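Notes follow the structure.
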Amino acid sequence: MINENYTVDILVNDKPLRKYPHNDKLFVEARKGTEYSIRIKNNSYSRILAVTSVDGLDTLTGHPAIEAGNGYVINGCNSLTIDGFRVSDSKVAKFLFDYKGNSYAASKKDGSERNVGVIGVRLFIEKV
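Written out as structure tokens, the structure reads:
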């Protein structure tokens, strides 16, 4: 989905990966062992709430993602880069492209590995 009010990029070495659209989804090439980040740009004047997940896990908590999960507030005409799962206020566990069995989600033993390979971003625009 393309929207001029925001952009979402997957970054490797601070450069966006090429996106390949297919069946209303976007795909990127994932190379094993590569660290990556998620960058969300808010091109509007309104604040947005970005609820993000990687491999089916909430990036803020590391727990299975839920529809009503918390997220990041991004002010108008600003951006946010998420480098990994939040471990504490000052530390993250870096996102890493890897095989399904070696993923952070596979280590959870709660069934969350079924979404390995999926990067989810839900954006909610603030109503004034």
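At the far end of the sequence shown sits residue 120, using our numbering, and the numbering has no gaps. Note that beta-carbon positions come from the ideal geometry of N, C-alpha and C, so glycine has one too. Only a predicted model underlies this, so the values are computations on that prediction, with no experimental measurement involved.
Anticipated Cβ contact below 8 Å, residue i with residue j, distance rounded
i: S71; j: N34; result: 7 Å
i: S36; j: N(-3); result: 4 Å
i: T44; j: V113; result: 5 Å
i: E27; j: L9; result: So it is not a contact: roughly 12 Å between Cβ atoms.
Straight-line Cα distance separating residue j from residue i
i: A42; j: F116; result: 7 Å
i: S82; j: G61; result: 21 Å
i: H55; j: V46; result: 10 Å
i: E59; j: G76; result: 20 Å
i: G63; j: G25; result: 27 Å
i: V110; j: T(-1); result: 17 Å
i: I32; j: P13; result: 18 Å
Limits of the unbroken beta strand (DSSP E) element including residue i
i: V84; result: V84 to L88
i: L41; result: I40 to V46
Neighbourhood of residue i by C-beta, 8 Å cutoff - its chain only, sequence neighbours within 5 removed
i: V120; result: S38
Sequence-distant residues of the same chain with beta carbon closer than 7 Å to residue i, five excluded per side
i: S29; result: L3, T73, I74, D75 and F87
Neighbourhood of residue i by C-beta distance below 6 Å, restricted to the same chain and skipping five residues each side
i: K7; result: none
i: V79; result: A85
Residue i Cβ short of 6 Å to the ligand GTP heavy atom set
i: K119; result: This structure does not include the ligand GTP; it has no bound ligands of any sort.
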